[in-house]
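**Student:** Here the sequence shown is numbered in full-length UniProt numbering, starting from 1 and rising by one per residue.
By construction, the Cβ of each residue, glycine as well, lies at the ideal position given by its N, Cα and C atoms.
All values reported here derive from a predicted model rather than from experimental measurement.
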Amino acid sequence: MSLTRQTPDLTDYLLLVSLALLFGLSFAFTRVAVAELPPLTIASGRLLLAFLMLYPLMRLRGQKMPPAGRVWLAIFAAGFFGNALPFTLISWGQMRVEAGLTAIFMAIMPLATVLLAHVFTHDEKLTRWKVIGVLFGLVGVIVLMGVSALNAVGEDLLRQGAILASALSYSVNALITRKLTHLPRWSTMTALMFASSILLVPACLLFDSPWQLRPSWEALSALIALAIGPTAIATVMILVIISRQGVSFLSQINFMVPVFGMIAGVLMLGERLPANAYFALGFIMAGVAISRLRSPVGSTA
(Lines of atoms letter the chains of each structure in order from A; the text may use other names.)
(Lines give C-alpha, C1' and ligand atoms only; values in the text may rest on other atoms or scores of the structure.)
Protein backbone atom coordinates (compact mmCIF):
# COMPACT_ATOMS: atom_id res chain seq x y z
CA MET A 1 0.00 0.00 0.00
CA SER A 2 1.49 3.35 -1.06
CA LEU A 3 0.38 6.65 0.45
CA THR A 4 1.07 10.03 -1.18
CA ARG A 5 2.37 12.52 1.40
CA GLN A 6 3.67 16.04 1.58
CA THR A 7 6.15 17.58 4.01
CA PRO A 8 4.46 17.83 7.44
CA ASP A 9 2.74 21.18 8.00
CA LEU A 10 1.50 22.93 11.13
CA THR A 11 -1.65 20.78 11.17
CA ASP A 12 0.39 17.58 11.28
CA TYR A 13 2.53 18.81 14.18
CA LEU A 14 -0.53 20.07 16.07
CA LEU A 15 -2.16 16.66 15.62
CA LEU A 16 0.96 14.92 16.92
CA VAL A 17 1.32 17.22 19.93
CA SER A 18 -2.42 16.98 20.72
CA LEU A 19 -2.23 13.19 20.59
CA ALA A 20 0.78 13.25 22.92
CA LEU A 21 -1.20 15.46 25.30
CA LEU A 22 -4.11 13.01 25.28
CA PHE A 23 -1.80 10.09 26.03
CA GLY A 24 -0.08 12.17 28.69
CA LEU A 25 -3.43 12.85 30.35
CA SER A 26 -4.05 9.10 30.39
CA PHE A 27 -1.27 8.71 32.97
CA ALA A 28 -3.02 11.09 35.35
CA PHE A 29 -6.44 9.49 34.79
CA THR A 30 -4.95 6.03 35.23
CA ARG A 31 -3.32 7.01 38.52
CA VAL A 32 -6.76 7.99 39.82
CA ALA A 33 -8.53 4.89 38.50
CA VAL A 34 -5.89 2.33 39.47
CA ALA A 35 -6.26 3.26 43.14
CA GLU A 36 -9.60 1.44 43.12
CA LEU A 37 -9.74 -0.65 39.94
CA PRO A 38 -7.49 -3.52 38.72
CA PRO A 39 -5.40 -2.76 35.59
CA LEU A 40 -7.24 -5.31 33.44
CA THR A 41 -10.60 -3.82 34.42
CA ILE A 42 -9.36 -0.34 33.50
CA ALA A 43 -8.02 -1.52 30.13
CA SER A 44 -11.12 -3.48 29.13
CA GLY A 45 -13.48 -0.90 30.63
CA ARG A 46 -12.07 2.01 28.66
CA LEU A 47 -12.25 0.00 25.42
CA LEU A 48 -15.81 -1.20 26.00
CA LEU A 49 -17.02 2.27 27.01
CA ALA A 50 -15.32 3.77 23.96
CA PHE A 51 -17.13 1.27 21.72
CA LEU A 52 -20.50 2.00 23.36
CA MET A 53 -19.95 5.73 22.80
CA LEU A 54 -18.65 5.44 19.25
CA TYR A 55 -21.23 3.02 17.85
CA PRO A 56 -24.26 5.37 17.98
CA LEU A 57 -22.11 8.26 16.69
CA MET A 58 -20.99 6.07 13.79
CA ARG A 59 -24.62 5.25 12.96
CA LEU A 60 -25.63 8.93 13.18
CA ARG A 61 -22.98 9.69 10.56
CA GLY A 62 -24.56 7.11 8.26
CA GLN A 63 -21.73 4.59 8.53
CA LYS A 64 -21.79 0.89 9.39
CA MET A 65 -19.36 -1.62 10.81
CA PRO A 66 -17.05 -3.04 8.11
CA PRO A 67 -18.60 -5.97 6.22
CA ALA A 68 -17.58 -9.51 7.06
CA GLY A 69 -14.40 -10.50 5.30
CA ARG A 70 -10.62 -10.40 5.46
CA VAL A 71 -10.60 -6.81 6.69
CA TRP A 72 -11.69 -8.10 10.09
CA LEU A 73 -8.44 -10.06 10.34
CA ALA A 74 -6.57 -6.76 10.16
CA ILE A 75 -9.01 -5.14 12.61
CA PHE A 76 -8.61 -7.89 15.20
CA ALA A 77 -4.84 -7.91 14.65
CA ALA A 78 -4.76 -4.14 15.26
CA GLY A 79 -6.96 -4.60 18.33
CA PHE A 80 -4.59 -7.27 19.65
CA PHE A 81 -1.25 -5.56 18.95
CA GLY A 82 -2.50 -2.02 19.60
CA ASN A 83 -4.59 -2.53 22.74
CA ALA A 84 -5.07 -5.99 24.23
CA LEU A 85 -1.44 -7.18 24.25
CA PRO A 86 0.39 -3.94 25.18
CA PHE A 87 -2.19 -2.91 27.81
CA THR A 88 -1.74 -6.28 29.50
CA LEU A 89 2.07 -6.36 29.21
CA ILE A 90 2.50 -2.80 30.47
CA SER A 91 0.15 -3.33 33.40
CA TRP A 92 2.03 -6.48 34.41
CA GLY A 93 5.48 -5.02 33.78
CA GLN A 94 4.88 -1.80 35.70
CA MET A 95 4.13 -3.75 38.85
CA ARG A 96 7.93 -3.95 39.27
CA VAL A 97 9.47 -1.66 36.63
CA GLU A 98 9.83 2.03 37.57
CA ALA A 99 8.10 4.68 35.46
CA GLY A 100 11.41 6.21 34.29
CA LEU A 101 12.77 2.96 32.90
CA THR A 102 9.37 2.17 31.39
CA ALA A 103 9.44 5.47 29.48
CA ILE A 104 12.94 4.75 28.16
CA PHE A 105 11.96 1.24 27.07
CA MET A 106 8.82 2.58 25.35
CA ALA A 107 11.02 5.09 23.50
CA ILE A 108 12.41 2.10 21.57
CA MET A 109 9.10 2.03 19.68
CA PRO A 110 9.98 4.81 17.16
CA LEU A 111 13.27 3.10 16.25
CA ALA A 112 11.52 -0.25 15.83
CA THR A 113 8.80 1.39 13.75
CA VAL A 114 11.13 3.09 11.26
CA LEU A 115 13.06 -0.18 10.84
CA LEU A 116 9.88 -2.22 10.29
CA ALA A 117 8.50 0.42 7.94
CA HIS A 118 11.72 0.27 5.91
CA VAL A 119 11.33 -3.49 5.47
CA PHE A 120 7.56 -3.79 5.01
CA THR A 121 6.54 -0.60 3.18
CA HIS A 122 7.44 0.97 -0.15
CA ASP A 123 7.06 4.63 0.80
CA GLU A 124 8.63 4.92 4.28
CA LYS A 125 12.23 3.93 3.69
CA LEU A 126 14.96 4.58 6.23
CA THR A 127 17.01 7.77 5.85
CA ARG A 128 19.90 9.22 7.83
CA TRP A 129 17.58 11.99 9.02
CA LYS A 130 15.09 9.51 10.46
CA VAL A 131 17.87 7.77 12.38
CA ILE A 132 19.28 11.07 13.70
CA GLY A 133 15.79 12.25 14.64
CA VAL A 134 15.04 9.05 16.56
CA LEU A 135 18.36 9.32 18.41
CA PHE A 136 17.58 12.93 19.36
CA GLY A 137 14.21 11.82 20.72
CA LEU A 138 15.75 8.95 22.67
CA VAL A 139 18.30 11.32 24.23
CA GLY A 140 15.43 13.64 25.16
CA VAL A 141 13.62 10.86 27.03
CA ILE A 142 16.82 9.86 28.87
CA VAL A 143 17.42 13.52 29.81
CA LEU A 144 13.86 13.71 31.14
CA MET A 145 13.97 10.50 33.15
CA GLY A 146 17.64 10.68 34.15
CA VAL A 147 20.54 8.41 33.24
CA SER A 148 20.20 6.82 36.68
CA ALA A 149 16.98 5.16 35.49
CA LEU A 150 19.15 2.88 33.34
CA ASN A 151 20.82 1.46 36.45
CA ALA A 152 17.85 -0.85 36.96
CA VAL A 153 18.25 -2.55 33.57
CA GLY A 154 18.44 -6.31 34.09
CA GLU A 155 16.97 -6.38 37.61
CA ASP A 156 13.73 -8.04 36.49
CA LEU A 157 14.28 -9.34 32.98
CA LEU A 158 10.81 -10.83 32.52
CA ARG A 159 8.90 -7.68 33.40
CA GLN A 160 11.35 -5.41 31.61
CA GLY A 161 11.04 -7.71 28.62
CA ALA A 162 7.27 -7.31 28.82
CA ILE A 163 7.64 -3.53 28.55
CA LEU A 164 9.97 -3.87 25.56
CA ALA A 165 7.56 -6.35 23.96
CA SER A 166 4.73 -3.85 24.36
CA ALA A 167 6.80 -1.21 22.54
CA LEU A 168 7.36 -3.65 19.67
CA SER A 169 3.66 -4.50 19.74
CA TYR A 170 2.78 -0.85 19.15
CA SER A 171 5.22 -0.78 16.23
CA VAL A 172 3.56 -3.79 14.62
CA ASN A 173 0.15 -2.22 15.23
CA ALA A 174 1.18 0.97 13.42
CA LEU A 175 1.98 -1.04 10.29
CA ILE A 176 -1.29 -2.99 10.51
CA THR A 177 -3.29 0.21 10.96
CA ARG A 178 -1.84 1.50 7.67
CA LYS A 179 -3.97 -1.11 5.95
CA LEU A 180 -7.16 0.32 7.50
CA THR A 181 -6.79 3.96 6.50
CA HIS A 182 -8.86 3.44 3.33
CA LEU A 183 -11.95 2.59 5.40
CA PRO A 184 -14.38 5.24 6.72
CA ARG A 185 -12.81 6.56 9.93
CA TRP A 186 -15.83 6.27 12.21
CA SER A 187 -16.41 2.73 11.01
CA THR A 188 -12.75 1.84 11.51
CA MET A 189 -12.32 3.20 15.02
CA THR A 190 -15.63 1.70 16.18
CA ALA A 191 -14.60 -1.68 14.80
CA LEU A 192 -11.19 -1.39 16.51
CA MET A 193 -12.83 -0.71 19.88
CA PHE A 194 -15.22 -3.63 19.33
CA ALA A 195 -12.41 -6.05 18.44
CA SER A 196 -10.25 -4.89 21.36
CA SER A 197 -13.17 -5.31 23.75
CA ILE A 198 -13.87 -8.83 22.50
CA LEU A 199 -10.24 -9.71 23.21
CA LEU A 200 -9.98 -8.17 26.70
CA VAL A 201 -13.41 -8.21 28.36
CA PRO A 202 -13.56 -12.04 28.77
CA ALA A 203 -10.18 -11.99 30.56
CA CYS A 204 -11.43 -9.18 32.79
CA LEU A 205 -14.56 -11.14 33.71
CA LEU A 206 -12.49 -14.24 34.40
CA PHE A 207 -9.72 -12.72 36.52
CA ASP A 208 -11.08 -9.49 38.04
CA SER A 209 -14.76 -10.27 38.82
CA PRO A 210 -15.65 -6.59 38.18
CA TRP A 211 -19.22 -7.05 39.46
CA GLN A 212 -17.76 -7.31 42.95
CA LEU A 213 -15.95 -3.97 42.73
CA ARG A 214 -17.33 -0.83 44.39
CA PRO A 215 -15.39 2.06 42.84
CA SER A 216 -16.05 5.68 43.78
CA TRP A 217 -17.45 8.26 41.36
CA GLU A 218 -13.95 9.71 41.13
CA ALA A 219 -12.53 6.41 39.85
CA LEU A 220 -15.46 5.92 37.46
CA SER A 221 -15.06 9.47 36.14
CA ALA A 222 -11.38 8.78 35.48
CA LEU A 223 -12.32 5.59 33.60
CA ILE A 224 -14.87 7.47 31.48
CA ALA A 225 -12.30 10.17 30.74
CA LEU A 226 -9.85 7.47 29.63
CA ALA A 227 -12.49 6.06 27.28
CA ILE A 228 -13.34 9.42 25.71
CA GLY A 229 -9.93 11.08 25.27
CA PRO A 230 -6.93 8.71 25.21
CA THR A 231 -9.00 5.90 23.67
CA ALA A 232 -11.83 7.06 21.36
CA ILE A 233 -10.56 10.49 20.26
CA ALA A 234 -6.96 9.28 20.16
CA THR A 235 -7.87 6.42 17.82
CA VAL A 236 -9.30 8.70 15.14
CA MET A 237 -6.28 11.02 15.49
CA ILE A 238 -3.96 8.05 14.96
CA LEU A 239 -5.82 7.13 11.78
CA VAL A 240 -5.62 10.71 10.52
CA ILE A 241 -1.89 11.03 11.24
CA ILE A 242 -1.05 7.71 9.58
CA SER A 243 -3.11 8.58 6.50
CA ARG A 244 -1.41 12.01 6.25
CA GLN A 245 2.22 11.27 7.22
CA GLY A 246 2.68 7.55 7.86
CA VAL A 247 3.76 5.36 10.74
CA SER A 248 7.29 6.74 11.13
CA PHE A 249 5.94 10.22 11.86
CA LEU A 250 3.34 8.80 14.26
CA SER A 251 5.98 6.79 16.13
CA GLN A 252 7.58 10.03 17.40
CA ILE A 253 4.66 10.22 19.82
CA ASN A 254 6.43 7.90 22.26
CA PHE A 255 9.13 10.53 22.81
CA MET A 256 6.60 13.23 23.71
CA VAL A 257 4.24 11.25 25.94
CA PRO A 258 6.50 11.21 29.05
CA VAL A 259 6.84 15.00 28.90
CA PHE A 260 3.11 15.58 28.56
CA GLY A 261 2.50 12.95 31.22
CA MET A 262 4.51 15.11 33.61
CA ILE A 263 2.64 18.24 32.50
CA ALA A 264 -0.68 16.47 33.11
CA GLY A 265 0.55 15.52 36.57
CA VAL A 266 1.26 19.19 37.28
CA LEU A 267 -2.14 20.38 36.03
CA MET A 268 -4.31 17.63 37.50
CA LEU A 269 -2.44 16.18 40.46
CA GLY A 270 -0.44 19.17 41.71
CA GLU A 271 2.93 17.59 40.95
CA ARG A 272 6.06 19.65 40.24
CA LEU A 273 7.55 19.85 36.75
CA PRO A 274 11.33 19.24 36.80
CA ALA A 275 13.49 21.85 35.09
CA ASN A 276 14.99 19.26 32.74
CA ALA A 277 11.52 18.66 31.23
CA TYR A 278 11.85 21.81 29.10
CA PHE A 279 15.32 20.80 27.92
CA ALA A 280 14.08 17.29 27.15
CA LEU A 281 11.08 18.60 25.20
CA GLY A 282 13.45 20.73 23.09
CA PHE A 283 15.52 17.64 22.23
CA ILE A 284 12.38 15.66 21.41
CA MET A 285 10.78 18.30 19.17
CA ALA A 286 14.12 18.80 17.39
CA GLY A 287 14.21 15.06 16.78
CA VAL A 288 10.70 15.10 15.30
CA ALA A 289 11.64 17.95 12.95
CA ILE A 290 14.97 16.38 11.92
CA SER A 291 13.34 13.02 11.17
CA ARG A 292 11.16 14.67 8.51
CA LEU A 293 14.06 16.22 6.60
CA ARG A 294 14.53 14.77 3.14
CA SER A 295 17.85 13.54 1.76
CA PRO A 296 19.07 15.29 -1.40
CA VAL A 297 18.14 13.70 -4.70
CA GLY A 298 20.72 11.07 -5.56
CA SER A 299 21.69 10.49 -1.94
CA THR A 300 22.10 6.89 -0.92
CA ALA A 301 20.80 7.55 2.58
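Looking at C-alpha atoms only, which residue of 270, 219, 272 and 259 is the closest neighbour of residue 279?
**Tutor:** 259
**Student:** Pick helix, strand or coil for residue 15, following the three-state DSSP scheme.
**Tutor:** helix
**Student:** Just the Cα atoms here: how many angstroms apart are residue 300 and residue 130?
**Tutor:** Low confidence applies here, because residue 300 scores a pLDDT of 38, under 50, leaving its location unreliable and the question unanswered by this model.
**Student:** Where are the alpha helix (DSSP H) runs, 4 residues long or more, that stay fully inside the UniProt domain "EamA" (13-145), in chain order?
**Tutor:** 39-60, 71-79, 85-93, 99-106, 108-120 and 128-145
**Student:** So is residue 275 buried or exposed if we call it buried at 16+ other beta carbons inside 10 Å?
**Tutor:** exposed
**Student:** Measure the beta-carbon distance from residue 145 to residue 104 and round it to whole angstroms, keeping in mind my assumption that it falls under 8 Å.
**Tutor:** 6 Å
**Student:** Can you look up residue 290 in the DSSP assignment and give me helix, strand or coil?
**Tutor:** helix
**Student:** Which of the three DSSP states is assigned to residue 218 in this structure?
**Tutor:** helix
**Student:** In the DSSP assignment, the alpha helix (DSSP H) including residue 201 goes from what residue to what residue?
**Tutor:** 185-207
**Student:** On the premise that residue 196 lies in contact with residue 79, defined as a C-beta separation below 8 Å, what is that separation, rounded to the nearest angstrom?
**Tutor:** 4 Å
**Student:** Is it buried or exposed for residue 46, if we count other Cβ within 10 angstroms and need 16 for buried?
**Tutor:** buried
**Student:** With burial defined as no fewer than 16 other Cβ atoms inside 10 Å of the residue's Cβ, what is the status of residue 137: buried or exposed?
**Tutor:** Burial check for residue 137: the Cβ neighbour count within 10 Å reaches 16 or more, so the residue is buried.
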